[in-house]
Amino acid sequence: MNIIMNIGYLLASFSFITGLKLMSSPKHASKGNTIAAVGMLIAILSVFTGIISEKINYTNLGIILTAIVLGILVGKQMAFKVKMTGMPQMVSLLNATGGGCAMLLGWIEAIQINTTIATGPQILLNLGTITGAIAFSGSIIAYLKLSGKLKDRNSLFINVISKILVIICVALPIAFAASVLPISFFHLTLILLVLGLLYGIIFVMPIGGADMPVVISLLNSITGIATALAGLLYDNKTMIAGGIFVGAAGIFLTILMCKAMNRPLWKVIAGSNKSKQQGAQTSQQQVIQETNVSETVTKLLLSKKIGIVPGYGMAVAQAQHTCFQLQKLLHGQDKTLDYIIHPVAGRMPGHMNVLLAEAKIDYDYLKEIHEANDYIQEYDLLLVIGANDVVNPVAETNPESSIYGMPIIKAHLSKNVIVFKRSMNPGYAGIANELFEKENCQLLFGDAQTNLQEIVEQLKVLN
């Protein structure tokens with residue numbers, strides 16, 4: 012039975028590797044997700060072969076099967092009910108469950124241990140518990156912030172408390188190992204669990220604006236590390252492999268996103284102390300040029316090279332499918348249309364890529380920010396659909412801005428820009444957008460999906 016179990020673990024690990032590789036491409040992401048899910052099923056079945064080979068405790072087996080069935084039912088319900096706009100929140104919740112599992116595993120195992128001597132497995136258990144607790148509470152806070160139920164909180168007090176918690180979390184296990192701390196291992200684990208939960212809250216609380224996708228990626232990597240540590244504790248090869256894959260991928264993505272934003276990771280974690288209230292107020296006082304659907308259609312007909320800059324507003328309007336219809340019409344008129352993607356557009360890593368892949372938009376038409384900026388002046392018209400902070404010139408001009416230094420899509424340098432907006436409310440960072448006052452920029456107010464649909468219908472008539 013052990014041979015069958017190990018073969019199952021090997022197949023599961025191979026499925027995870029293949030799934031991750033395929034998910035790196037929008038064309039094959041769906042297939043990669045399916046293969047990774049099959050790998051998880053193989054891993055679960057492999058565990059059961061190990062259980063069957065030993066004396067079966069039917070009570071425990073019943074609890075395990077009940078938990079699996081409940082997980083399947085809840086997961087299926089969440090997956091079918093969630094809208095694309097709620098995908099970042101769902102990712103945060105799923106990440107929280109992974110961290111929560113690692114945290115609870117550490118707590119349960121600590122109950123079985125009654126000693127005042129630190130050993131290798133106990134150190135792994137403590138590390139798994141605290142990283143799991145950080146990932147759990149941090150992901151819950153990220154979910155609340157993404158849902159608009161919690162605002163950014165940043166102050167010198169929070170930063171000081173954060174540093175104190177880190178020092179305590181490092182000092183306690185050292186004191187315990189040196190037999191200076193007169194408590195049991197269970198109580199040490201419980202204290203570290205609580206400290207981890209507190210640190211997760213304080214860690215995510217100050218972070219907001221364009222940094223949220225980076226935080227989600229970082230929390231994902233922490234969950235992976237917690238899973239790998241739990242795998243080492245249980246000598247479970249699949250947990251170790253899966254945790255390492257997730258942890259490494261999360262860290263790598265976090266570094267890449269920080270590089271794309273031109274911000275060191277420590278600055279993202281520290282949050283921003285710069286006020287955004289002033290920008291939120293002045294956005295209502297800007298002098299802008301407004302346009303309508305008919306004028307937009309005219310500009311599209313007069314343009315040869317066109318770009319679409321998608322943002323979170325496109326996800327809210329569910330306008331990606333209409334963008335694809337517009338693309339087909341424009342291509343039929345021998346016009347060029349690209350989708351210019353900012354790495355932190357939306358509310359999670361790759362948010363825009365997921366939306367466009369769902370609409371069956373070919374990956375060849377997607378342009379990265381640096382690639383597009385090199386010849387942004389060649390675009391006759393840019394349609395900014397739901398994006399805000401990622402096209403805000405203030406990131407280059409105002410050192411006092413909370414997004415200063417973040418690379419932007421330089422839409423203001425193109426020949427013409429039309430921004431699809433519901434209102435003059437600022438973006439997620441809460442600051443006014445200087446692009447709106449540029450001479451080459453016009454705003455088209457209303458629901459992006461409705462406006463795009465009207466544009467498509469008028470183009471069909473004129474085609």
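Numbered according to our numbering, the sequence shown terminates at residue 474, and the numbering increases by one at each position without gaps.
For each residue, glycine too, the CB sits at the ideal point set by N, CA and C.
Pairwise C-alpha distance: residue j and residue i
i, j, result
"Val298", "Cys452", "11 Å"
"Lys162", "Pro437", "15 Å"
"Tyr374", "Gly82", "34 Å"
"Ile185", "Ile141", "15 Å"
"Gly131", "Ile172", "29 Å"
"Glu369", "Asn231", "23 Å"
"Glu411", "Met417", "13 Å"
"Met223", "Thr200", "30 Å"
"Ile74", "Cys180", "33 Å"
"Ala153", "Gly97", "13 Å"
"Lys94", "Leu183", "44 Å"
"Leu455", "Asn364", "24 Å"
"Leu105", "Ser166", "29 Å"
"Ser35", "Tyr245", "30 Å"
"Val102", "Leu473", "43 Å"
"Ala271", "Asp345", "33 Å"
"Phe256", "Leu135", "18 Å"
"Thr265", "Phe214", "16 Å"
"Gly110", "Asp385", "41 Å"
"Gly149", "Ile212", "5 Å"
"Leu424", "Phe447", "13 Å"
"Gln469", "Thr302", "16 Å"
"Ile145", "Thr238", "13 Å"
"Arg164", "Gly457", "31 Å"
"Ile396", "Lys471", "21 Å"
"Val58", "Leu84", "21 Å"
"Leu243", "Gln464", "54 Å"
"Phe168", "Trp277", "17 Å"
"Met216", "Arg358", "16 Å"
Same chain only: Cβ atoms within 6 Å of residue i, ignoring 5 sequence neighbours per side
i, result
"Gln300", "Gln453"
"Ile262", "Ser232"
"Lys38", "Tyr374"
Contacts around residue i, its chain only, beta-carbon distance under 7 Å, and the 5 residues preceding and following it disregarded
i, result
"Leu209", "Leu176"
"Ile67", "none"
"Gln460", "Ala328, Gln329, Ala330, Thr333"
"Gly30", "Gly43, Asn44, Ile46, Ala47, Gly50"
"Asn409", "Tyr415"
"Ile122", "Phe197"
"Lys287", "With a pLDDT of 46 at Lys287, under the threshold of 50, the predicted position of this residue should be treated as unreliable, and no value is reported."
Any non-hydrogen atom of the ligand PLP closer than 7 Å to residue i Cβ
i, result
"Ile178", "Absent from the structure shown: the ligand PLP. Ligands present: none."
Coarse secondary structure for residue i, derived from DSSP in three states
i, result
"Leu161", "coil"
"Val430", "strand"
"Lys87", "helix"
"Gln338", "helix"
"Asp349", "strand"
"Gln453", "strand"
"Ile119", "helix"
"Lys316", "strand"
"Ile299", "coil"
"Ile145", "helix"
"Leu476", "The structure shown does not extend to residue 476, since the chain is modelled only from 12 through 474, so no value can be given for it."
"Lys38", "coil"
"Glu411", "coil"
"Pro437", "coil"
"Pro360", "coil"
"Gly254", "helix"
"Leu192", "coil"
"Gly324", "helix"
"Gly397", "strand"
"Lys310", "helix"
Burial state of residue i, where buried means 16 or more other Cβ atoms lie within 10 Å
i, result
"Tyr390", "buried"
"Phe187", "buried"
"Ser158", "exposed"
"Thr333", "buried"
"Gln388", "exposed"
"Val19", "With the sequence shown as reference, residue 19 is identified as Gly, and Val is not the correct amino acid for it. Buried, by the Cβ-count rule."
"Lys432", "buried"
"Ser314", "buried"
"Ala189", "exposed"
Proximal residues to residue i (C-beta, below 8 Å), its chain only, five neighbours per side dropped
i, result
"Lys378", "Gly318, Asp349, Tyr350, Ile351, Ile352"
"Met268", "Pro224, Val225, Ser228, Pro354, Val355, Pro360"
"Asn137", "Gly117, Pro184, Leu199, Thr200, Leu203"
"Tyr376", "Gln338, Leu348, Asp349, Tyr350"
Below-8 Å beta-carbon distance, residue i vs any chain D residue
i, result
"Ile380", "The chain inventory of the structure shown lacks chain D, comprising one protein chain alone."
Report task. Say whether the stretch 15-27 touches the stretch 36-50, bearing in mind that this needs 3 or more beta-carbon pairs closer than 8 Å, one atom from each stretch. Result -> yes
Query - At least 3 beta-carbon pairs within less than 8 Å: the stretch 333-349 vs the stretch 303-310 - result: no
Requested in this report: Mind the definition here: the stretch 242-258 touches the stretch 387-407 only if three or more C-beta pairs lie below 8 Å; say whether that holds.
Outcome: no
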